[in-house]
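Enquirer: Protein sequence lines correspond, in order, to chains A and B. Per the working numbering, the first sequence runs over residues 4 to 116. Per the working numbering, the second sequence runs over residues 596 to 711. Built from N, CA and C at the ideal position, the CB exists for glycine as well. Computed from a predicted structure; not experimentally measured.
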Amino acid sequence: GNSVTQMEGPVTLSEEAFLTINCTYTATGYPSLFWYVQYPGEGLQLLLKATKADDKGSNKGFEATYRKETTSFHLEKGSVQVSDSAVYFCALRDMDSNYQLIWGAGTKLIIKP
Amino acid sequence: GAGVSQTPSNKVTEKGKYVELRCDPISGHTALYWYRQSLGQGPEFLIYFQGTGAADDSGLPNDRFFAVRPEGSVSTLKIQRTERGDSAVYLCASSLLWEAANTEAFFGQGTRLTVV
């Protein structure tokens with residue numbers, strides 16, 4: 004079955020540091036891949052997505068590239084800010100999962116000034 | 596409304612009681628999903644609706660859980676004989692389409708259910 008694995012948190016970085024949050028997936032079909040973010044006290048928001056191999060999703064300085072050969076969709080940002088502190092979820096969706104979102108466990112990111 | 600609205604935002608109930616959780620999706624979104632999120636975990640699929648019908652209810656954990664969407668808009672998740680293990684944040688999401696893997700799902704802020 005489909006599954007998503009992402010690195011455990013919390014991840015603690017200093018402001019302006021480089022961020023990578025790893026995400027790998029298992030899927031029998033050709034899924035679309037998503038990163039959602041959950042800021043403290045708020046609901047889940049779509050951060051970025053990629054719908055086919057080699058696509059790069061980007062938003063708010065975050066990027067992730069859909070790598071079919073390594074079944075990965077790692078989230079990166081060149082210079083994090085305190086306001087990026089949140090929980091980040093990697094997810095996939097395809098017809099084999101009946102179009103449900105299949106989620107990773109989430110990675111808590113803490114940015115210190 | 597502008598986004599997905601869920602009420603109540605918090606619900607504390609006693610073990611064995613019945614609860615209803617409401618979701619008001621974005622206007623025009625035909626697909627509606629319920630997920631459950633336990634502390635420190637990603638959301639877990641419960642059920643989704645395409646219009647008024649439950650297209651997939653395979654994620655409902657047992658027959659104490661039931662959901663309806665009678666007019667194809669607002670949905671209610673109903674939990675009978677609540678147990679402490681039902682405590683979680685219940686998330687609702689809606690999207691324009693369900694048969695499209697790249698369609699964005701918009702989430703409400705969730706209902707935090709605590710069974711004491």
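Are at least three pairs of beta-carbons, each pair with one atom in the segment 67-86 of chain A and one in the segment 612-626 of chain B, less than 8 Å apart?
Expert: Touching, no.
Enquirer: Helix, strand or coil for B:Val614, going by three-state DSSP, please let me know.
Expert: In the structure shown, B:Val614 sits in a strand (DSSP, three-state: E or B).
Enquirer: Alpha carbon to alpha carbon, how far is A:Asp97 from A:Val14? Give it in angstroms, no decimals.
Expert: A:Val14 and A:Asp97: Cα-Cα distance of roughly 29 Å.
Enquirer: Since B:Ala683 and B:Leu655 should fall inside the 8 Å C-beta cutoff, what is the C-beta to C-beta distance between them, to a whole number of angstroms?
Expert: Going by Cβ atoms, the distance from B:Ala683 to B:Leu655 rounds to 14 Å, so no, they are not a contact pair.
Enquirer: Buried or exposed for A:Thr23, going by 16 or more other Cβ atoms inside 10 Å?
Expert: So A:Thr23 ends up on the exposed side.
Enquirer: Is there a Cβ from chain B that is less than 8 Å from the Cβ of A:Ala108?
Expert: Taking Cβ atoms only, chain B reaches closer than 8 Å to A:Ala108, which makes this a yes.
Enquirer: Under 8 Å, with one C-beta from each stretch per pair, do the segment 48-65 of chain A and the segment 21-36 of chain A reach the 3-pair mark?
Expert: The answer is yes - the segment 21-36 of chain A touches the segment 48-65 of chain A, with three or more Cβ pairs under 8 Å.
Enquirer: In angstroms, rounded to a whole number, what distance separates the CA positions of B:Ala662 and B:Lys673?
Expert: One C-alpha to the other measures close to 6 Å.
Enquirer: Quick check: is the beta carbon of B:Phe702 nearer than 8 Å to any beta carbon in chain A?
Expert: Judged by the 8 Å Cβ criterion, B:Phe702 is in contact with chain A.
Enquirer: Mind checking whether A:Ile114 and A:Ser88 have CB atoms under 8 Å apart?
Expert: Taking 8 Å as the Cβ cut-off, A:Ile114 and A:Ser88 qualify as a contacting pair.
Enquirer: Whole beta strand (DSSP E) runs in the segment 630-683 of chain B with 3 or more residues, listed along the chain?
Expert: List check, beta strand (DSSP E) in window: 639-645, 648-651, 660-663 and 670-674.
Enquirer: From B:Gly730 to A:Leu49, what distance separates their C-alpha atoms?
Expert: The requested residue 730 of chain B is not part of the displayed model; chain B covers only 596 to 711.
Enquirer: Using the Cα positions of B:Val599 and A:Thr29, report the straight-line distance between them to the nearest angstrom.
Expert: The alpha-carbon atoms of B:Val599 and A:Thr29 are separated by roughly 30 Å.
Enquirer: Taking C-alpha atoms, which residue in B:Gly680, B:Gln675 and B:Glu666 lies nearest to B:Thr625?
Expert: Per the Cα distances, B:Glu666.
Enquirer: Which residues, taken in chain order from the segment 669-685 of chain B, show a beta carbon closer than 7 Å to some beta carbon of chain A?
Expert: The segment 669-685 of chain B vs chain A, Cβ under 7 Å: nothing.
Enquirer: For B:Pro620, which residues in chain A fall below 8 Å Cβ to Cβ?
Expert: In chain order: nothing, as chain A lies at least about 13 Å away.
Enquirer: Using the beta-carbon of each residue, which ones in chain B are nearer than 8 Å to A:Glu66?
Expert: Chain B residues near A:Glu66: none, gap ~18 Å exceeds 8 Å.
Enquirer: For the beta strand (DSSP E) holding A:Gly60, just list the boundary residues, first then last.
Expert: Its beta strand (DSSP E) spans residues Lys59 to Asn62.
Enquirer: Within 10 angstroms of its Cβ, does B:Gln601 collect 16 or more other Cβ (buried), or is it exposed?
Expert: When all chains shown are included, B:Gln601 counts as buried.
Enquirer: What's the gap between the Cα of A:Ala94 and the Cα of A:Gln41?
Expert: Each residue's alpha carbon lies about 13 Å from the other.
Enquirer: Given B:Pro603, which residues of its chain have a CB within under 7 Å of its CB, disregarding the five upstream and five downstream residues?
Expert: Excluding sequence neighbours, B:Pro603 sits near Thr706.
Enquirer: Apart from the five residues on each side of it in sequence, which residues of its chain come closer than 7 Å, Cβ to Cβ, to B:Glu678?
Expert: Counting only Cβ-Cβ distances below 7 Å, and skipping sequence neighbours, we find Lys610 and Val710.
Enquirer: Within 10 Å of its beta-carbon, does B:Phe702 have 16 or more other beta-carbons around it, so buried, or fewer, so exposed?
Expert: B:Phe702 is buried by the Cβ-count criterion.
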